[in-house]
Structure formats: structure tokens, C-alpha cells
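Okay, so the sequence shown: first residue is 6 according to the numbering used here, each after it adds one.
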Amino acid sequence: MVKRNVLGRGLGALIDDADIIKEQISGVAEIELSKIDANPYQPRTTFDQEKLEELSASIREIGLIQPITLRKSVDDRYQIITGERRFRAAQLAGLYKIPAFIREAGNDAMLEMALVENIQREDLDPIEISLSYQRLIDECNLTQETLSTRVGKKRSTVANYLRLLRLPALIQKGLKEKQITMGHAKALINIEESDTQVALFNQIIRHDFSVRKIEEIVREMNEQETGEHPEKKNKVPYPEHLQTVRDLIHQAIPLPVKFTADTVGRGKIVISFRNESDLQKIVKILENQNK
């Protein structure tokens with residue numbers, strides 16, 4: 006069977022029963038806005054007010070070009086399947102009626118359509134995408150493999166987005182607000198302890214660390230944890246007189262310290278801190294040394 010290329014082909018290429026859906030659409034109707042209710046399965050949690058007003062101004066000028074999609078509910082009312090942003094802008098524009106496609110849809114199909122359409126938008130932040138992916142898996146009973154086909158993405162891409170939801174809430178918020186990039190977040194995912202993730206997140210904000218810098222820091226931290234530093238196999242036990250130096254460092258700094266040296270005295274000292282409090286301890290020790 007030849008795999009369909011779903012990229013760029015719209016909602017129809019993403020849902021199995023697209024042909025059935027098309028048959029159920031009865032054409033464009035003019036529906037009173039007062040009879041329309043929001044989609045209870047709407048995955049989008051925020052709407053940019055400025056952009057809504059821009060769209061509203063356009064609607065007042067030239068009308069609504071693209072109809073929204075509705076399903077009939079009860080008491081001669083309708084629920085939005087797709088197009089809630091257009092609906093809200095039409096309300097702002099003071100429209101009385103709005104063009105709409107009317108179709109039959111069960112709750113599961115309605116949720117899937119809303120989620121898939123939402124994911125195709127270009128202005129979604131990574132956490133919104135991640136949450137939509139997770140809802141498709143949890144509420145539409147999709148596997149990651151099926152989901153990747155639905156949204157036209159590689160399975161590894163879907164997996165990376167889902168992993169973002171394991172980050173602490175503070176970091177997710179920072180990603181939503183563009184304080185950090187997707188690259189920063191992907192690097193932080195590779196740290197197990199949430200306190201360390203948050204500490205590094207704060208350092209990114211404070212020092213404007215690049216993605217490459219954070220990747221290097223994370224790699225070094227993981228190498229220390231596993232003892233798999235590439236330099237380790239080239240090291241020999243350091244001379245006896247340096248053991249005293251090592252002991253003094255451990256006594257002076259009540260934190261994990263990595264001390265390595267070769268026979269000629271060349272080496273490295275790495276001090277690990279888990280959070281802002283640990284970092285302040287190091288700063289105070291250094292300040293006291295300079296007094």
C-alpha cells in the first residue's frame with residue numbers, strides 16, 4: 006500500500022473518515038451567532054486579543070471568507086467543531102449571522118477534528134502542541150505511531166513534544182512565554198532531577214545561555230553522574246601529595262566535587278550544584294576567601 010503524503014493536504018488527509026465527512030456536509034448555511042456555542046473539546050486555551058481584533062477589523066471590511074464548521078446540538082442550537090477564533094472575531098465585528106458548514110459528528114470525532122486542526126496552526130507554542138498530542142493519545146485512543154501519521158510528523162518528533170510535559174511547570178511556562186527555546190527544553194529533558202532542571206533554567210534566563218552551551222553543561226553533568234567521562238580512561242591515580250589538596254577542597258565545599266589530576270599535576274576541579282541555594286554557598290565561600 007502506498008503511504009499517503011499528508012503534509013499540506015489539510016484536515017481531510019489527516020482523518021480516516023474524511024470522505025464520509027464530506028458527504029455529511031450539507032453546504033454552507035447562515036447561522037445566527039446567538040445560536041452557536043463554543044466547542045466543549047476546544048484544545049486552544051488562549052486567544053490573542055490583538056490578533057482577534059485584527060481579524061475582526063478584516064471581517065467588518067470584507068466579511069468572513071472561510072466558513073466555520075458546526076454540528077447540530079439540541080434545541081435548535083449548534084456547537085463549533087472548528088473555527089472558534091473566526092467565531093469570536095465575528096462577534097467582535099458585530100455580525101448577526103455567520104457562514105458555516107453543518108455536519109454530523111460524535112464526541113470522539115469532534116474532539117479529534119478540533120485537536121488535529123489546532124495542531125496545524127503555525128502560532129502554537131510547543132506546550133500547546135504537546136498537550137494536544139497527549140489528548141489525542143489519551144482521549145482518542147491513538148498510539149504514537151498512529152498519531153504521527155494523523156499529524157504528518159515523524160514519530161521521533163511526536164515523542165520529543167510529549168517529553169516536554171515531563172518538565173517542571175515553571176519551565177513549561179517559560180517555554181510558552183518564549184523565555185527559552187525548544188532546543189533549550191530538549192536539553193533540559195535529559196536531566197533527571199527537577200531541581201537541577203529548574204536551576205539550569207534560571208541560569209539560561211540570567212546569563213542568556215545558548216542551546217549549545219546548555220547541551221554542553223548537561224552532557225558534562227551526565228558524564229559525571231555515570232562516570233563515563235571520555236577523559237577518565239586516560240587518567241591515572243593522582244600523586245599522593247595532591248590527595249591532601251583534594252581533601253581540603255572537599256572539606257571547604259560541602260557539595261559534590263570532582264577532582265582529577267595526572268602524574269604531572271594537570272587536572273580539573275568540577276563543582277556540582279543542584280539549585281540556587283547550592284550556588285549561593287559556593288559564592289559565599291569564594292567571597293570569604295577574598296576578604
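Ideal placement from N, C-alpha and C gives every residue a C-beta, glycine not left out.
- [ ] Using beta-carbon positions only, say whether ILE297 and GLY88 come within less than 9 Å of one another.
- [x] This structure does not reach residue 297, given that the chain is present from 6 up to 296, and the question cannot be answered.
Open item on the list: Within the continuous beta strand (DSSP E) that includes LYS273, where are the two ends?
Closed with: First-last of the beta strand (DSSP E) with LYS273: 272 to 276.
Open item on the list: Here's the rule I'm using: 16 or more other beta-carbon atoms within 10 Å means buried, otherwise exposed. How should VAL33 be labelled?
Closed with: The residue in question, VAL33, is exposed, as its Cβ has fewer than 16 Cβ neighbours within 10 Å.
Task: Distance between beta carbons of ASP42 and ARG82, contact taken as under 8 Å - done: About 6 Å; that satisfies the 8 Å criterion.
Open item on the list: Only counting the same chain, and skipping five residues up and downstream in sequence, which positions put a Cβ closer than 7 Å to that of TYR166?
Closed with: Excluding sequence neighbours, TYR166 sits near PRO131, ILE134, SER135 and TYR138.
TODO: Keeping to the same chain, check which residues put their C-beta closer than 7 Å to that of GLU220; ignore five residues upstream and five downstream.
DONE: Counting only residues of its own chain and dropping the five nearest sequence neighbours on each side, GLU220 has a CB closer than 7 Å to the CB of ALA192.
TODO: Would you kindly report the start and end of the unbroken beta strand (DSSP E) that includes PHE106?
DONE: 102 to 107 is the extent of the beta strand (DSSP E) around PHE106.
Open item on the list: I'd like the span of the beta strand (DSSP E) that includes LYS77, first residue to last.
Closed with: LYS77 -> beta strand (DSSP E) spans 73 to 77.
TODO: Pull up the CB-CB distance for ARG93 and ASP200, whole angstroms please, since I reckon it's below 8 Å.
DONE: Not really, about 40 Å apart at Cβ, beyond 8 Å.
- [ ] May I ask you to report which of helix, strand or coil DSSP gives GLN29?
- [x] At GLN29 the pLDDT is 42, less than 50, meaning the model places this residue with poor confidence; the figure from the coordinates comes in the next sentence. The three-state secondary structure of GLN29, taken from DSSP, is helix.
- [ ] State the beta-bridge partners of ILE34 as determined by DSSP.
- [x] First, the amino acid is wrong: residue 34 is Ala here, not Ile. ALA105.
- [ ] Starting from the C-beta of GLN184, find all residues in its chain whose C-beta is less than 7 Å away, skip the five residues before and the five after it, and write them out in chain order.
- [x] Contacts found: ILE210.
TODO: Go to ILE132, then tell me how far its alpha helix (DSSP H) extends in each direction, as first and last residue.
DONE: Start and end: 131 to 144.
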